[in-house]
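Here's the structure, in structure tokens; my notes come after.
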Amino acid sequence: MKKNHNKFLEVLSVLENSGFSGTVFFIAYKIKLFFLASWLIRRSNSTVSIDLIGCGNYALSRHIPIFITQKLKIGSIDTKSGLAAKKLNLPRSLTRNKHSNYLLICSPHNMHPEHLIENVNKYQKVYCEKPVCIDRKGLNILKQFLDNFPTADSKVTVGFNRRNAPAVLQIMKSIPRGNSKIELTYRVNFGTRVSNDMSDIKIGGGRLIGACCHYVDLIEYIIGSKILNIYARPLQQDDHDTFSAIFGFKDGSLATLIFSSEGIRPKVGKEQISITTKDLSVDLLDFRRLNINGKIYNYRGGLDGSRITWKKFISNSEFDSQISLSEGMHATEVTLAIRESLNNNEKVSLL
């Protein structure tokens, strides 16, 4: 028995050193081997401790595996039901854990403003999943909060991890900066509609607010200028899940976001970005295959930038946010403007 136990530990050690321990955790949790999932979490002796508000499928599949791979400690998990914390044998209330440096907010989207305001000043830094809010009411609450506590802006990092995708980092090195205008097309084949928290307008904001903030943030980040105006049209009347939006930028650049809930994702991929500017043509498919002027880059592992985003979040100083709260609020402003344009069939100005 002891021999088998030692072999088991040896296999886990190999997986851990190979960066697969996070994957093992997720599989163990999904097949209800909670003792193994809990054991993997508790192996860390790191001084970096992270509390969680919300621990649904997204946190379990995206964030916690990264914590385990990077050997970060989980302090406590605060969820509505408390089931995740119970299964993982972790404290179920943030107030019980006095030693965590950081907080991850991964609760339902409509709760993000409340959880941000309640906790930003209690932690060294806060990582908030996107979107930071889903409506004008949430925006106004956060604006008032930042007016009263301006330092909170840089203590928050918003989960726009695509900025740190290896392929995007390569694109940013390649784009000439100066007076060159950029034309960019971003096609998102989001997949057929499903019923979940994000699809519920009151809880998740719908796909337009809950997901498209990712894409408008990355578009602005790559172009390096603010969106000046937006014109969007749906494929079908009153359908905000399939549309095209044209963005005009302050520097004269142009971008088009084609967002579809109609396509078959496995056949053509989920996301494709095409960029043209002076002496440069770029095509990126699913953050895996990048073509820059005919030179091909292929990427494996950490494609969406989540690992790098967390690494920077932990290593950066307290007031050195990668993606500030105000940037997250701006992304919501843009998605709300897209919705306004879709509803009214007119161009919407932002600046």
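End of the sequence shown sits at 350 in numbering that gives the first Met the number 0; the numbers just go up one at a time, nothing left out.
Idealized CB from N, CA, C, for every residue including glycine.
- Taking Ile313 as the centre and dropping the five residues before and after it, the same chain places the C-beta of Val47, Gln69, Leu71, Tyr101 closer than 8 Å to its C-beta, in chain order.
- Under DSSP, Gln271 takes part in a beta bridge, and its partners are Arg186, Leu284.
- Met328 and Val119 do not touch by the CB rule: their CB atoms are close to 14 Å apart, not below 8 Å.
- With a minimum length of 3 residues, the unbroken runs of beta strand (DSSP E) contained wholly in the stretch 179 to 254 fall at 182 to 188, 226 to 233, 242 to 248.
- The Cβ atoms of Leu279 and Pro165 do not sit closer than 8 Å to each other.
- Inside the stretch 70 to 114, DSSP marks whole alpha helix (DSSP H) runs of 4 or more residues at positions 82 to 86, from first to last along the chain.
- Ranked by Cα distance from Val125, the first of Lys269, Ile65, Ser305, Ser153 is Ser153.
- Closest in C-alpha terms to Gly137, from the list Glu182, Met110, Phe159, Leu349, comes Met110.
- Contact annotation: the stretch 332 to 350 touches the stretch 205 to 224, with at least three C-beta pairs closer than 8 Å.
- Rounded to whole angstroms, the gap between the alpha carbons of Ser92 and Asp77 is 5 Å.
- With fewer than 16 other Cβ atoms inside 10 Å of its own Cβ, Lys31 counts as exposed.
- For Thr22, the enclosing alpha helix (DSSP H) covers residues 20 to 29.
- Between the beta-carbon of Leu350 and that of Leu227 there is about 5 Å, and that keeps the pair under the 8 Å contact cut.
- Here Tyr296 has Ala166, Gln169, Leu289 as same chain residues with Cβ atoms under 7 Å from its own Cβ, once five neighbours each way along the sequence are excluded.
- In the displayed model, Ser323 falls within coil according to three-state DSSP, outside both helix and strand.
- A direct Cα-to-Cα measurement between Ala83 and His108 gives close to 19 Å.
- Here the C-alpha atom of Leu39 lies approximately 21 Å from the C-alpha atom of Ile307.
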